[in-house]
Amino acid sequence: MKIYINGTEDSSSYEHAKLGDLLEHIQKEKLQDDQFLFKIRVNEENIEFGSDELKEAPTENIHKLEIETSTMNDMVNENIDNAIGYLERLIPGLEKVATMFRAGDQQEANKLFVDVVDGIDWFSQLGELVVQARQLDVNQTEYNGKTLADRKQELVTLTQGVLEVHKKQDWVRLADLLEYEFLPYYKDWLTVLPQLKN
């Protein structure tokens, strides 16, 4: 079996019968303390990491094993980059939904609104992960004059307000909330996220 770690062939000899045992050995013996296994390819095929099938796979059937590693810092930075990319799409989406609600196109606007709510949830979860990974004190860490705790509470308040107005089907008020409260909130995050990378 040929083994590549981050693109470099590993010429070590391994005698593990199961792939899970081999990967565990590589994690302990070959990687630095801040590194972890990130992506696994077996015989040119991406493998779902952590699955029982992966752990139990016999190594005798593997001709080529490719391992990519990462560090927590790299993962956090990659997630922040993903969040920036997402916000760059969400902001025009919010503008579009607001315009559609104002124009009376509630059916199409509501379809997009569901995606917006899902995006808000995803962004919140990502924020929590970044805070945990960076071990930030949400009450002390401040960007652009607001602590992370203040920002989280602001999002909770905004989300509750939007959902209440949506429930009442006050489409013009909903458009106003999206345009005049959510848009500035997320535009501000576009300036904060790059700072979290550093």
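Numbered per the UniProt record's numbering, the sequence shown spans residues 1 to 198. Glycine included, every Cβ here is placed at the ideal spot set by N, Cα and C. Quick caveat, the model's predicted, so the values are computed rather than measured.
Alpha helix (DSSP H) runs wholly inside the stretch 71-136, at least 4 long, in chain order: 72-102 and 106-134
Alpha-carbon to alpha-carbon, residue 192 and residue 141: Residue mapping note: residue 141 aligns to position 141 of the sequence shown, counting from 1. Residue mapping note: residue 192 aligns to position 192 of the sequence shown, counting from 1. Going by the C-alpha atoms only, they are around 11 Å apart.
Please report the straight-line C-alpha distance between residue 15 and residue 121, rounded to a whole angstrom. Position 15 of the sequence shown, counting from 1, holds the residue named residue 15. Position 121 of the sequence shown, counting from 1, holds the residue named residue 121. Whole-angstrom Cα-Cα distance: 45 Å.
State the start and end residues of the unbroken beta strand (DSSP E) segment that holds residue 54. As a working mapping, residue 54 is identified with position 54 in the sequence shown. No beta strand (DSSP E) contains residue 54, which is instead part of the alpha helix (DSSP H) from 52-56.
Endpoints, beta strand (DSSP E) assigned at residue 196: Position 196 of the sequence shown, counted from the start, is the residue given in the question as residue 196. Note, residue 196: premise wrong, no beta strand (DSSP E); alpha helix (DSSP H) at 183-197.
Residue(s) in a DSSP beta bridge with residue 18: Here the question's residue 18 lines up with position 18 in the sequence shown. In the DSSP output, where bridge partners are listed per residue, residue 18 has 58.
With distances taken Cα to Cα, identify the nearest neighbour of residue 169 among 113, 138, 186 and 68. What you label residue 169 is simply residue 169 of the sequence shown in a count that begins at 1. When each option's Cα is compared against that of residue 169, the closest is 113.
How should residue 186 be labelled, buried or exposed, when 16 other C-beta atoms within 10 angstroms of its C-beta is the threshold for buried? Counting from 1 along the sequence shown, the entry for residue 186 is found at position 186. Its Cβ being crowded by 16 or more others within 10 Å, residue 186 is buried.
Residue 154 lies in the alpha helix (DSSP H); which residues open and close that run? Locating residue 154 in the sequence shown gives position 154, where the first residue counts as 1. That run of the alpha helix (DSSP H) goes 148-168.
By the 10 Å Cβ neighbour count, where 16 or more other Cβ atoms means buried, how is residue 100 classified, buried or exposed? By one-based count along the sequence shown, residue 100 stands at place 100. Under this definition residue 100 is a buried residue.
What separation, rounded to the nearest whole angstrom, lies between the Cα atoms of residue 55 and residue 117? What you label residue 55 is simply residue 55 of the sequence shown in a count that begins at 1. What you label residue 117 is simply residue 117 of the sequence shown in a count that begins at 1. Between residue 55 and residue 117, the C-alpha separation is close to 37 Å.
Looking only at DSSP bridge pairs, what is residue 173 linked to? In the sequence shown, the residue the question calls residue 173 occupies position 173. DSSP output for residue 173 lists no bridge partner at all.
Residue 23, DSSP secondary structure in three states: Here residue 23 refers to the residue found at position 23 of the sequence shown. Helix at residue 23.
Taking Cβ to Cβ, would you say residue 77 is nearer than 9 Å to residue 167? In the sequence shown, counting from the first residue as 1, residue 77 sits at position 77. In the sequence shown, counting from the first residue as 1, residue 167 sits at position 167. Contact: no.
With a threshold of 8 Å on Cβ separation, who are the neighbours of residue 152 within its own chain once the five nearest residues in sequence on each side are excluded? On the sequence shown, residue 152 is found 152 positions in, with the first residue counted as 1. Excluding residues within five positions, the ones whose Cβ falls inside 8 Å are 124, 127 and 138.
With 16 other CB atoms within 10 Å as the buried threshold, where does residue 8 fall? The sequence position of residue 8 within the sequence shown is 8, counting from 1. By the 10 Å Cβ count, residue 8 comes out exposed.
Secondary structure at residue 68, three-state DSSP: helix, strand or coil? Counting from 1 along the sequence shown, the entry for residue 68 is found at position 68. Residue state, collapsed to three classes: strand.
The beta strand (DSSP E) enclosing residue 199, as first and last residue numbers: What the structure shows of the chain is the stretch from 1 to 198, and residue 199 is not part of that stretch, so it cannot be assessed.
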